[in-house]
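Heads up, the thing below is written out as structure tokens.
Number of protein chains: 2
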Amino acid sequence: MLTVDEVWALIDREVSVLPAESVPLESALGRRLAEDVSADTDIPAFSRSAIDGFALASDSQPGRFRIVGEVRPGMPASPPPRSGEALKIFTGSALPESGVALVMLEDTVTEGDEVVVSVAGTTRLVRSRASQSRAGDVLLSAGASMGPGAMALLASVGQARPLVSPVITTTHFSSGSELVPVSETPGAGCIRDSNSPLVAALLAEAGAELLHHARGSESVDEAVSVLEPLKADLLLISGGASVGAYDGTGEILRRLGFVIHCARVKSRPGKPLIFAARGAQIAFGLPGNPLSHFVCFHLFVRRAIDRLSGFTPRKFLSVRLSGTPPAPDPRETWWPARVRGEAGNLVAVALPWRDSSDLTGLPEANALLRIGSAGINGLVDALLFGSLES
Amino acid sequence: MLTVDEVWALIDREVSVLPAESVPLESALGRRLAEDVSADTDIPAFSRSAIDGFALASDSQPGRFRIVGEVRPGMPASPPPRSGEALKIFTGSALPESGVALVMLEDTVTEGDEVVVSVAGTTRLVRSRASQSRAGDVLLSAGASMGPGAMALLASVGQARPLVSPVITTTHFSSGSELVPVSETPGAGCIRDSNSPLVAALLAEAGAELLHHARGSESVDEAVSVLEPLKADLLLISGGASVGAYDGTGEILRRLGFVIHCARVKSRPGKPLIFAARGAQIAFGLPGNPLSHFVCFHLFVRRAIDRLSGFTPRKFLSVRLSGTPPAPDPRETWWPARVRGEAGNLVAVALPWRDSSDLTGLPEANALLRIGSAGINGLVDALLFGSLES
Numbered sequence: 015m016l017t018v019d020e021v022w023a024l025i026d027r028e029v030s031v032l033p034a035e036s037v038p039l040e041s042a043l044g045r046r047l048a049e050d051v052s053a054d055t056d057i058p059a060f061s062r063s064a065i066d067g068f069a070l071a072s073d074s075q076p077g078r079f080r081i082v083g084e085v086r087p088g089m090p091a092s093p094p095p096r097s098g099e100a101l102k103i104f105t106g107s108a109l110p111e112s113g114v115a116l117v118m119l120e121d122t123v124t125e126g127d128e129v130v131v132s133v134a135g136t137t138r139l140v141r142s143r144a145s146q147s148r149a150g151d152v153l154l155s156a157g158a159s160m161g162p163g164a165m166a167l168l169a170s171v172g173q174a175r176p177l178v179s180p181v182i183t184t185t186h187f188s189s190g191s192e193l194v195p196v197s198e199t200p201g202a203g204c205i206r207d208s209n210s211p212l213v214a215a216l217l218a219e220a221g222a223e224l225l226h227h228a229r230g231s232e233s234v235d236e237a238v239s240v241l242e243p244l245k246a247d248l249l250l251i252s253g254g255a256s257v258g259a260y261d262g263t264g265e266i267l268r269r270l271g272f273v274i275h276c277a278r279v280k281s282r283p284g285k286p287l288i289f290a291a292r293g294a295q296i297a298f299g300l301p302g303n304p305l306s307h308f309v310c311f312h313l314f315v316r317r318a319i320d321r322l323s324g325f326t327p328r329k330f331l332s333v334r335l336s337g338t339p340p341a342p343d344p345r346e347t348w349w350p351a352r353v354r355g356e357a358g359n360l361v362a363v364a365l366p367w368r369d370s371s372d373l374t375g376l377p378e379a380n381a382l383l384r385i386g387s388a389g390i391n392g393l394v395d396a397l398l399f400g401s402l403e404s
Numbered sequence: 015m016l017t018v019d020e021v022w023a024l025i026d027r028e029v030s031v032l033p034a035e036s037v038p039l040e041s042a043l044g045r046r047l048a049e050d051v052s053a054d055t056d057i058p059a060f061s062r063s064a065i066d067g068f069a070l071a072s073d074s075q076p077g078r079f080r081i082v083g084e085v086r087p088g089m090p091a092s093p094p095p096r097s098g099e100a101l102k103i104f105t106g107s108a109l110p111e112s113g114v115a116l117v118m119l120e121d122t123v124t125e126g127d128e129v130v131v132s133v134a135g136t137t138r139l140v141r142s143r144a145s146q147s148r149a150g151d152v153l154l155s156a157g158a159s160m161g162p163g164a165m166a167l168l169a170s171v172g173q174a175r176p177l178v179s180p181v182i183t184t185t186h187f188s189s190g191s192e193l194v195p196v197s198e199t200p201g202a203g204c205i206r207d208s209n210s211p212l213v214a215a216l217l218a219e220a221g222a223e224l225l226h227h228a229r230g231s232e233s234v235d236e237a238v239s240v241l242e243p244l245k246a247d248l249l250l251i252s253g254g255a256s257v258g259a260y261d262g263t264g265e266i267l268r269r270l271g272f273v274i275h276c277a278r279v280k281s282r283p284g285k286p287l288i289f290a291a292r293g294a295q296i297a298f299g300l301p302g303n304p305l306s307h308f309v310c311f312h313l314f315v316r317r318a319i320d321r322l323s324g325f326t327p328r329k330f331l332s333v334r335l336s337g338t339p340p341a342p343d344p345r346e347t348w349w350p351a352r353v354r355g356e357a358g359n360l361v362a363v364a365l366p367w368r369d370s371s372d373l374t375g376l377p378e379a380n381a382l383l384r385i386g387s388a389g390i391n392g393l394v395d396a397l398l399f400g401s402l403e404s
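Protein sequence lines, in the order shown, are assigned to chains A and B. The numbering of the first sequence is our numbering, which starts it at 15 and goes up by one. The numbering of the second sequence is our numbering, which starts it at 15 and goes up by one.
Written as structure tokens, this is what we have:
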């Protein structure tokens with residue numbers, strides 16, 4: 015039986031990074047950049063006005079000026095005005111690289127084709143060419159997360175089809191003859207299949223695509239014939255609580271040609287976890303209980319998705335445990351918790367958790383605490399997966 | 015000129031919560047629950063086995079038992095076994111409500127139709143009916159965020175079409191004759207439109223839907239005729255740096271029948287922000303610079319989206335400022351920052367920010383710091399919008 019750290023090392027070793035792909039910029043949100051991106055020009059590419067107002071000759075003093083034209087945004091720069099002349103300009107208007115000083119509209123009074131200026135002109139209001147970056151400077155490095163700021167930055171330098179991490183495609187197979195769809199009322203001895211919506215949501219949060227979903231009974235033959243034609247980067251099998259479920263999952267995977275690298279992990283919950291590979295394809299057999307699903311997904315499936323995508327694995331956060339710590343167990347325990355910010359501190363409260371079928375605490379959970387990891391300062395390692403609130 | 019707090023109060027007063035809607039469970043991810051959800055049955059609805067093994071009569075001691083049948087998951091419970099008899103059971107198998115004790119498969123040896131049990135039977139391995147919740151108990155309250163855990167919980171109680179917050183529909187209009195699409199090389203005096211990908215990404219992150227996107231020059235007539243037929247809950251107009259852009263936006267909105275509630279806000283960046291309403295429809299005129307877009311979106315547009323959706327506004331986090339604090343300014347300043355967890359603390363580093371056209375720091379930013387808000391303990395208010403890492 016492997017430890018959690020050993021399973022992580024196994025995933026890192028067995029899972030290969032899938033090739034990056036070039037996609038339209040709007041499809042890059044939430045992925046990772048797969049190559050360095052440089053400025054295609056100086057930034058700004060030309061000197062620009064930071065204000066609405068007038069451009070005057072250098073060193074102009076307060077006085078009366080003749081308005082000789084205007085430069086609207088989108089027009090090429092005009093030559094510098096001569097002494098006593100003014101050019102009307104706007105935020106973003108192109109300016110010559112030297113020979114101008116600006117005054118803000120607020121410091122002027124326009125009288126017909128003349129403007130009375132009450133202050134000296136300044137170059138402080140010019141955004142000079144290359145004042146932010148020079149052509150060729152690396153603006154964003156490979157591995158950067160494509161959030162809104164990265165999208166805007168790539169747009170500004172013309173990256174209409176950036177090279178980014180691929181979206182991981184997934185097949186989910188949910189087995190167990192006691193399972194009925196959410197819309198049905200379970201008969202005696204049956205329960206609703208809550209693992210399928212859980213897995214679909216976890217995959218969506220991880221940026222993976224659920225290509226295929228199927229539900230089966232406990233028949234290995236049936237499962238193999240359903241799964242054989244379905245191709246995806248990742249195969250997840252939810253054991254359900256069916257007869258010999260975990261042996262069943264192992265047999266299904268072997269018959270599909272997967273090599274099983276791990277069948278049990280020394281963790282609580284989640285002991286009977288299967289990790290398998292078939293070339294570049296990865297599979298997990300997840301223990302049937304919802305909490306085990308939740309924990310094993312965050313600990314293991316998410317790590318494989320990140321690895322397939324070329325992301326670095328998520329790091330632990332050190333958090334302060336508030337209240338009574340959960341009792342330790344011979345197996346390393348991963349406890350659902352709520353982490354929040356409190357006066358500059360990261361504070362975790364362990365959520366009530368009766369047994370691994372208990373999902374009433376899960377909506378509150380935004381982290382898993384690694385129980386047994388408490389250090390000398392009362393700090394505990396946490397894997398944070400939800401947003402942080404105060 | 016209103017303060018940021020005054021604009022927030024205005025948004026809270028003028029923006030009405032849109033009606034909740036009942037949607038298929040799979041569409042509820044990322045929304046908020048709009049009504050309390052109760053258990054439809056006791057949870058578990060029947061007593062179940064937590065293990066693979068055997069059910070014996072109560073108070074059974076180690077010994078040899080005759081296997082008289084099995085109860086697979088999904089089958090109704092059998093009556094309690096009689097003394098000396100054993101029922102094969104599995105994780106999830108239904109059990110009678112009393113009269114049984116369980117032993118784990120690991121503590122038994124099966125010999126033909128008999129089983130030798132080395133331990134006393136226990137009821138500790140039974141998950142009793144209603145041990146988690148009783149029928150009618152509220153499991154999740156209105157306002158809860160629909161993450162994976164909530165999806166699983168609602169599935170387990172048969173909420174196939176929960177009542178949740180609506181998706182806010184949006185129109186984005188980007189104006190400015192200096193703007194060219196991302197795929198084009200800008201001519202003299204022109205720049206690429208980076209605000210459109212930025213706004214699209216910010217809307218996606220906020221769970222809103224971008225229904226319409228249009229780009230225009232500086233003509234008010236043209237803008238009005240483009241925007242007139244487009245209906246959405248929210249209208250965002252990016253000023254660009256075009257001629258009289260902000261007056262232009264105000265005029266466009268007035269001609270579309272909007273009432274302008276605010277045209278300037280005492281903040282840096284973002285001074286010329288327009289907030290307007292037309293019945294239940296909300297509009298913002300965003301200052302043209304990318305950083306102003308970013309800040310105004312998080313401060314104001316996001317608040318309106320949250321309000322339309324019935325979410326409570328996001329709260330500040332108190333964070334510890336590391337390094338030199340940005341210089342204060344007469345206007346309240348919102349500074350892009352990177353907040354991370356460090357040994358139980360929330361630590362913020364202010365990112366370099368040259369001027370409001372500078373977006374090189376934005377990919378790193380996961381928070382805005384409210385500069386001027388530093389309290390006696392060196393804590394600063396932060397609005398966190400990205401994920402937190404160590």
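All residues carry an ideal CB built from backbone N, CA and C; glycine is no exception. It should be emphasised that the depicted structure is a prediction, and the values quoted were computed from it without experimental measurement.
Span of the alpha helix (DSSP H) around residue i
{"i": "A:E219", "result": "209-219"}
{"i": "B:F187", "result": "No alpha helix (DSSP H) contains B:F187, which is instead part of the beta strand (DSSP E) from 183-189."}
{"i": "B:A237", "result": "234-241"}
{"i": "B:V123", "result": "Here B:V123 belongs to no alpha helix (DSSP H); instead the beta strand (DSSP E) covers 122-125."}
{"i": "B:H307", "result": "304-310"}
{"i": "A:E20", "result": "18-28"}
{"i": "B:L300", "result": "Element bounds for B:L300: not the alpha helix (DSSP H) but the beta strand (DSSP E), 295-300."}
First through last residue of the beta strand (DSSP E) which encompasses residue i
{"i": "A:V152", "result": "152-154"}
{"i": "A:D395", "result": "393-398"}
{"i": "B:G253", "result": "Element bounds for B:G253: n/a, residue is neither H nor E."}
Chain B contact for residue i (CB, 8 Å cutoff)
{"i": "A:S256", "result": "Confidence at A:S256 is low in this model, with a pLDDT of 45, below 50, so its placement is unreliable and the value that follows should be read with caution. Chain B, which has a Cβ nearer than 8 Å to the Cβ of A:S256, makes this yes."}
{"i": "A:S170", "result": "yes"}
{"i": "A:S188", "result": "no"}
{"i": "A:K285", "result": "no"}
{"i": "A:K329", "result": "yes"}
{"i": "A:T374", "result": "yes"}
{"i": "A:E192", "result": "yes"}
{"i": "A:L398", "result": "yes"}
{"i": "A:P342", "result": "no"}
{"i": "A:A277", "result": "no"}
{"i": "A:A246", "result": "no"}
{"i": "A:M15", "result": "no"}
CB-CB length for residue i against residue j, believed under 8 Å
{"i": "B:L331", "j": "A:S404", "result": "5 Å"}
{"i": "B:R62", "j": "B:R141", "result": "5 Å"}
{"i": "B:A64", "j": "A:P304", "result": "That belief does not hold up - the Cβ atoms of B:A64 and A:P304 are roughly 14 Å apart, past 8 Å."}
{"i": "B:A291", "j": "B:H275", "result": "6 Å"}
{"i": "A:V315", "j": "A:M15", "result": "About 19 Å; that fails the 8 Å criterion."}
{"i": "A:S107", "j": "A:P76", "result": "Rounded, the Cβ-Cβ distance is 22 Å, inconsistent with contact."}
Closer than 8 Å to chain A by CB, residue i
{"i": "B:C204", "result": "yes"}
{"i": "B:A351", "result": "no"}
{"i": "B:R334", "result": "yes"}
{"i": "B:M118", "result": "no"}
{"i": "B:E403", "result": "yes"}
{"i": "B:G302", "result": "yes"}
{"i": "B:T199", "result": "yes"}
{"i": "B:G161", "result": "yes"}
- Which residues, in order along the region 353-372 of chain A, keep a beta-carbon less than 7 Å from a beta-carbon of chain B? G355, A357, G358, N359, L360, R368, D369, S371, D372
- Message: Assess contact between the region 297-310 of chain A and the region 239-251 of chain A, defined as three or more Cβ pairs (one per stretch) separated by less than 8 Å. Is contact present?
- Response: yes
- Task: Would you list, in chain order, the members of the region 87-106 of chain A that have their beta-carbon closer than 8 Å to a beta-carbon of chain B?
- Result: P87, G88, M89, P90, A91, F104, T105, G106
- Item | Chain-ordered residues of the region 125-151 of chain A with a beta carbon less than 8 Å from chain B | R141, S145, Q146, S147
- Task: Spell out a yes or no on whether the region 371-379 of chain A and the region 153-165 of chain B are touching, meaning 3 or more CB-CB pairs, one atom from each, closer than 8 Å.
- Result: yes
- Along the region 214-231 of chain A, what residues have a CB closer than 7 Å to any CB found in chain B? A214, A215, L216, A218, E219
- Query: Below 8 Å, can you find three or more Cβ-Cβ pairs linking the region 154-171 of chain A to the region 208-221 of chain B?
  - Reply: yes
- Message: Tell me which residues of the region 22-46 of chain A have at least one Cβ-Cβ distance to chain B shorter than 7 Å, keeping chain order.
- Response: L39, E40, L43
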